[in-house]
Each structure stands twice: as C-alpha cells, then as structure tokens.
Amino acid sequence: GSAAPAADGGPTLTELLPTSGSVTGGTVLTLHGSGFLAGVPEVWIGGVRATGPVVADDTKLFVTTPPGSGTVDVEVRTPEGAARLPAAFAYDPIPRFLYAADGKGAKAGQLYRIDPLTADATPIGPIGYAITGLALSPTGVLYGTESTKQNSTNDSRLILIDTETGAGSVVGTLLDSGGAFNHGAVADITFASDRLIGWSETGDVPVEIDPSTGTVTIIGGSVSSRGDGLAALTPTTLHFAPEATAGSLYVLNPETGITLPTVALTGGPATPAVIGAMAWLDGVLYGVANNNQGPDAPKTSDLITIDPATGAIDTIGALPQGVDALVGN
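Residues 2 to 330, numbered by the numbering used here, are exactly what the sequence shown covers, in order.
Shown next as structure tokens:
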C-alpha cells in the first residue's frame with residue numbers, strides 16, 4: 002500500500018507485517034513509516050483502537066490486533082496528523098468450536114471437539130486423566146483439572162492437555178500453598194485474563210491456581226454448590242452456576258470471591274440437571290447439563306446455551322455421557 006498522511010508534516014504509513022491474522026485478535030503487527038515519535042501514537046485497526054502500541058523508533062512501531070473480521074484499514078494517528086493504509090490487514094476466519102472432556106466418576110476420559118451448533122462430538126484422543134474442568138490460556142495452552150472425588154483417595158492434579166492428540170501430562174498437584182490440603186474436586190476452571198480461576202468443591206470455595214505448579218490459593222467466599230460451571234466473560238465478570246438448571250445464574254468476583262445470584266434459570270432438560278461446565282464462545286454462553294440424579298435416573302449430558310440476561314436455557318443436543326468440562330477455542 003502507499004502512505005496516506007492526513008496533513009503535511011504528519012506521520013506516514015508505508016507497510017505492515019504480517020498482513021493477516023486471527024479473528025480473535027492477538028496478532029503482533031510491525032508498522033513501518035515515519036513520524037511515530039511525534040507524541041504518543043494511536044493505532045486503529047478496522048475502526049477499533051488497538052491497545053498498547055510500542056514505538057521502536059521514528060520509523061517503526063509494534064501493536065497487537067484487537068478482534069475483528071474481514072479486510073480492514075489500518076491507521077496511525079499522532080498529534081501531527083494521521084496516515085492510513087486502506088484494506089491493509091485481513092482477519093482470517095478460523096473454525097469455531099468447543100473443547101470438551103469427560104471425567105465424571107473419576108474415570109479417565111477423552112478430549113472432544115464439539116460443534117457449537119449441533120453438539121456433534123469428534124474425539125481427539127484419550128487424555129489419560131479424569132477431567133472435570135477445562136480452560137484455555139490467552140496463549141492457547143489447554144489446561145484441565147483432574148477429579149478424584151469418587152472412588153479414589155489419590156491427590157488430584159492440574160493437567161496440561163495437547164489439543165492435537167488429547168494426551169495429558171501432569172503440571173502439579175492441586176495443593177494449597179502450605180502443601181497440606183488437596184483440592185480433590187476443582188469442578189470447573191476459567192482464565193480471567195492471565196489468572197486461572199476455579200471452583201473447588203473441596204470446601205465450596207473459589208480458588209486461584211498457579212498454571213506453572215498447580216498450587217492453589219483460596220480467594221475467599223463460599224456458597225453451597227452442585228455442578229459449578231464457571232466461565233469468564235471479562236477479567237472481572239465471571240458467570241457461575243452452583244445450582245441445578247432449576248436454580249439461578251450467579252456472578253463471581255475473582256478478587257473477593259463473593260458470589261451473587263443474578264437471574265433464575267428456566268428451560269433446559271425436562272429433568273433438572275446440574276450444570277457441570279460453562280464456556281463463552283463468540284458471545285454465547287454454553288454449558289453442560291448433566292443429569293445423574295440418583296441410581297435410577299437416566300444419566301445424560303447435554304450441550305445447552307444460557308442467556309445471562311434472562312436465564313433462559315436452550316438445549317442444543319446430546320453430548321457423550323460423562324462430559325463434564327467445556328471451553329471455547
């Protein structure tokens with residue numbers, strides 16, 4: 002493309018690399034031109050202001066793309082003016098899907114790829130551990146929490162999961178910072194920015210987990226729970242489902258651990274089921290509804306959506322029995 006300064010003496014923008022990246026954002030761009038030292042520059046990509054431009058020198062700066070779609074203009078603005086490269090960056094569409102894992106009953110399960118529109122499940126491979134919580138880090142690393150609540154006295158662990166093969170490897174045991182107390186049932190986990198937050202049924206408390214060691218720190222607060230789907234919409238807004246599908250949707254403050262009900266849940270499976278996992282994908286809150294209420298009840302797992310404004314639950318379709326962990330890609 003060619004430089005397009007808005008006024009004489011303003012910045013120029015001659016090239017950017019790479020010229021394409023993910024629709025989810027996070028691509029680091031290098032912008033070449035001139036006049037970048039004239040005050041703090043702003044970079045706008047597709048009409049959205051990008052955060053954190055880093056100026057290398059007067060002719061080069063770096064910036065990270067926001068989420069977007071299509072082929073868009075890139076603009077640099079300084080106090081001296083602005084320069085734009087039209088149609089300079091293309092957001093590559095990527096398949097959107099959910100990862101799921103089955104681990105109810107403390108039985109080692111599979112990693113699945115779930116179609117969010119149909120609930121169709123494609124096995125990726127055996128994890129080797131019983132997983133009841135899944136979370137994808139901002140850098141794309143998939144973590145799972147192992148449950149040993151049923152039929153086992155072993156310590157439960159934080160598991161690193163290969164998204165290509167499903168194979169799991171141990172990061173560390175889910176012990177408190179003193180090393181004496183094991184959180185044997187971290188029912189669900191989610192990343193709130195770079196913080197790995199979970200809900201421990203061992204004490205019914207929210208916890209923070211060190212992704213490098215598995216060390217658990219109790220945040221505080223407590224509420225009686227059964228199911229415990231947890232999903233971060235923003236770093237400070239976590240939705241939480243500690244009750245059955247006939248209960249309420251809560252919000253959880255990751256700083257204080259305080260949980261507050263917001264709306265009553267309605268609809269969903271005919272028999273009230275626990276919400277064993279939740280995950281956001283493309284602005285939609287998904288969940289897993291597990292019906293395992295008693296020895297004579299049919300044991301089913303269904304993919305659902307939850308409207309956080311109204312509490313309305315819609316059932317998308319059946320999942321493999323025992324799926325109890327979910328995260329968007």
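Glycine is no exception: its CB is placed at the ideal position from the N, C-alpha and C atoms.
Residue 158 counts as buried, since no fewer than 16 other beta carbons sit within 10 angstroms of its beta carbon.
Contact between residue 145 and residue 162 holds: CB atoms are separated by about 5 Å, below the 8 Å threshold. Counted as a single uninterrupted DSSP element, the stretch harbouring residue 246 is not any beta strand (DSSP E), since DSSP gives it neither H nor E. Straight-line measurement puts the Cα of residue 15 at about 12 Å from the Cα of residue 36.
Residue pairing by DSSP puts residue 292 in a beta bridge opposite 301. Around the CB of residue 327, 16 or more other CB atoms lie within 10 Å, so the residue is classed as buried.
Below 8 Å, too few C-beta pairs join the segment 299 to 311 and the segment 77 to 97 to call them touching: fewer than three. For residue 33, the uninterrupted beta strand (DSSP E) run begins and ends at 29 to 35, by DSSP.
Contact between the segment 112 to 132 and the segment 179 to 194 is absent, with fewer than three C-beta pairs closer than 8 Å.
DSSP places residue 63 in the strand class (E or B) of the three-state scheme.
Taking all protein chains shown into account, residue 18 has fewer than 16 neighbouring C-beta atoms within 10 Å of its C-beta and is therefore exposed. Excluding residues up to 5 positions away in sequence, 250, 264, 265, 266 and 267 lie with their Cβ nearer than 7 Å to the Cβ of residue 312 in the same chain.
Residue range 71 to 79 is occupied by the beta strand (DSSP E) that includes residue 76. Secondary structure at residue 156: coil, using DSSP grouped into helix, strand and coil. Counting other Cβ atoms within 10 Å of its Cβ, residue 78 reaches 16 or more and is therefore classed as buried. Judged by DSSP secondary structure, residue 40 falls outside any beta strand (DSSP E); it is assigned neither H nor E. Taking a contact to require three or more Cβ pairs closer than 8 Å, the segment 274 to 285 and the segment 93 to 105 qualify as touching. About 6 Å separates the beta carbons of residue 222 and residue 207, which is inside the 8 Å limit, making them a contact pair. Counting of Cβ neighbours within 10 angstroms places residue 216 among the buried residues, the total reaching 16 or more. Residue range 187 to 193 is occupied by the beta strand (DSSP E) that includes residue 191. For the pair residue 191 and residue 136, the CB atoms are nearer than the 7 Å cut-off. Counting along the chain, the unbroken beta strand (DSSP E) around residue 170 starts and ends at 169 to 174. Residue burial is scored here from C-beta neighbours: residue 323 has at least 16 other C-beta atoms within 10 angstroms and is therefore classed as buried.
Restricting attention to 11, 31 and 271, the CA atom closest to the CA of residue 247 is found in 271. For a cut-off of 8 Å, the C-beta gap from residue 276 to residue 120 is around 15 Å, too long to register as a contact.
A distance below 8 Å between beta-carbons, with the five flanking residues on each side excluded, links residue 224 to the following residues of its chain, in chain order: 205, 243, 251 and 260. Taking every protein chain shown into account, the CB of residue 257 has fewer than 16 other CB atoms within 10 angstroms, so this residue is exposed. The C-beta separation of residue 274 from residue 290 comes to about 4 Å, placing the pair in contact by the 8 Å criterion.
Taking 7 Å as the cut-off, the Cβ atoms of residue 81 and residue 11 count as close. In the structure shown, residue 97 falls within a coil segment according to DSSP collapsed to helix, strand and coil.
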